[in-house]
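K.L.:
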Amino acid sequence: MPLRVITEEKPPRTRDIETLELNYLSLNERPSASRDLAQFVCKMTHLEKLSLGSQFHDDFYSTSCTTSPNLTELTVDTSTLEVWQDCGSMFDSVKRVTIEAERTINCDVIQRIHLPGATELTIQTHEYGRRPAGFHEEPTSILNALLNISPQLVKVTFRDLGIGNSKMELILQAFSSPHNLKHLKIIRFIRCGSDEAVDDVIIACNKDQVMEVEVEHGKPRRLLFD
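The letter at position 7 of the sequence shown is residue 8 when you use the numbering used here, and the numbering goes up by one with no holes.
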């Protein structure tokens, strides 16, 4: 019988992984597994993008390690943020953070994450959200929440959220008033339920040159349902 040699492409080595999604893991009662996972992530020297949509034990956050300096993009959903703990310097290299909300945007929840080096923040409806996420409280309270996330924010984007004209106007008024986000230059609304009726407010904000306001009118898009 002839010898049959089967060759397969080798899987990428851990240190070569650039994008990692850790979703739907239930490790909140598994301290050892959570700790091992944190150390595993920190060993990925080429990691650039990380997505966290799971429940971890406190040991995940308290593990003394730092992720790769190449890790600049972090996506985290609000269910993960509900139990988020101080993770020291683990994610200090992150520059762009995306928060995905399934139902509501609760400022007390989203401000639990602190990324001192982040300069760009996007808040959007989760891809599995059955309806556009909206604010749990007055949208003007978002300012303090963003300051807690990172005082270095330069650009903030709201995408596919149930905001509408009136709440958008309140948000813009809050951002146009004196605040402690000293580096903020751009605020964007993409398909957040607005229309041309709010254009005068947008024009006035841009005329004041306090910040640049970019708006794409339209209904929120639900990625898996539209």
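From the three backbone atoms N, C-alpha and C, an ideal C-beta is built for every residue, glycine too.
1. For Pro221, count the other beta carbons within 10 Å of its own beta carbon; 16 or more makes it buried, fewer makes it exposed. Which is it?
2. Hey, out of Ile191, Leu182, Gly219, Ser178, whose CA is closest to Ala205's CA?
3. Quick one: grab the DSSP three-state call for Ile111.
4. Identify, in the order they occur along the chain, each residue of the same chain with its Cβ nearer than 6 Å to the Cβ of Lys168, setting aside the five sequence neighbours on each side.
5. Please report the distance separating the alpha-carbon of Gly118 from that of Leu154.
6. Which residue wins for smallest C-alpha separation from Asp201, given the options Gly194, Val214, Ile191, Cys193?
7. Whose CA, out of Ser35, Gln210, Thr99, lies closest to the CA of Glu128?
8. State the start and end residues of the unbroken beta strand (DSSP E) segment that holds Gln86.
9. Can you give me the Cβ contacts of Asn29 inside the same chain, cut-off strictly under 6 Å, excluding the 5 residues immediately before and after it?
10. On a CA-only basis, which of Thr73, Asp17, Thr64, Glu19 is nearest Gln86? Give me that one, please.
11. Comparing C-alpha positions only, which one of Leu148, Arg132, His47 sits nearest to Lys183?
12. When the distance is taken between beta carbons, is Ser94 closer than 9 Å to Leu72?
13. Specify the secondary structure class of Tyr129 as computed by DSSP and reduced to three states.
14. Leaving out five residues on either side along the sequence, give the residues of the same chain with a beta carbon under 6 Å from the beta carbon of Ser35.
15. Throw me the rounded Cβ distance for the Glu101 and Thr79 pair, which I believe falls under 8 Å.
16. Pull up the distance between the alpha-carbon of Thr120 and that of Thr158, whole angstroms please.
17. When the distance is taken between beta carbons, is Arg189 closer than 9 Å to Lys156?
18. By the DSSP assignment, the alpha helix (DSSP H) with Gln217 in it spans what residues?
P.N.:
Reading from the atomic positions:
1. buried
2. Ser178
3. helix
4. Pro140
5. 8 Å
6. Val214
7. Thr99
8. No beta strand (DSSP E) holds Gln86; DSSP gives it neither H nor E.
9. Gln56, His58
10. Thr64
11. Leu148
12. yes
13. coil
14. Leu28, Phe57, His58, Asp60, Phe61
15. 7 Å
16. 11 Å
17. yes
18. For the record, residue 217 in the displayed sequence is Glu; it is not Gln. Not the alpha helix (DSSP H): Glu217 falls in the beta strand (DSSP E), residues 213-217.
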